[in-house]
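In the working numbering, the protein residues as written are 256 to 391.
Okay, structure coming up:
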């Protein structure tokens, strides 16, 4: 499924994730899905991110979620499972999470942050395929 990965300090990027093992690898541990938005999407993060001392990532003030620690991804919701984001959802959440955040303080569940420019995440390039002329 095509998801949007959001790492602390970096711009969101699209990634193909298939299966529970890849989900857990992406977030660095056991997964937890939260549903802070009205749209049919899930924000999937590390269930123990704050307790494992993972870096603060982004604030999620919607529905009093506070913030997320560690890498998370946003995916679509099917009837009983996670599904790929639509192109419109990718655009929406790239815009929503385009700024990184630095945690200054917490007041209960409410994080106080400073928004800063996020760095691009450089993914390994795909091996280039040799050019093949068209078959006639």
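Note that CB positions come from ideal geometry on N, CA and C, so glycine has one too.
For residue i, which three-state DSSP category applies?
i: residue 259; result: strand
i: residue 342; result: helix
i: residue 348; result: helix
i: residue 292; result: coil
i: residue 271; result: strand
i: residue 362; result: strand
Identify every residue that forms a DSSP beta bridge with residue i.
i: residue 314; result: 322
i: residue 328; result: 260 and 299
i: residue 356; result: 370
Just reading off the beta strand (DSSP E) that residue i is part of, what are its end residues?
i: residue 275; result: Looking at the DSSP string, residue 275 is not in any beta strand (DSSP E); the run it does join, the alpha helix (DSSP H), is 275-282.
i: residue 305; result: Neither: residue 305 is in no beta strand (DSSP E) and is coded neither H nor E.
i: residue 366; result: 365-372
Given residue i, which residues of its chain have a CB within under 6 Å of its CB, disregarding the five upstream and five downstream residues?
i: residue 268; result: 260 and 376
i: residue 295; result: 332
Excluding the 5 residues flanking residue i on each side, which residues of the same chain have their C-beta closer than 7 Å to its C-beta?
i: residue 318; result: 291
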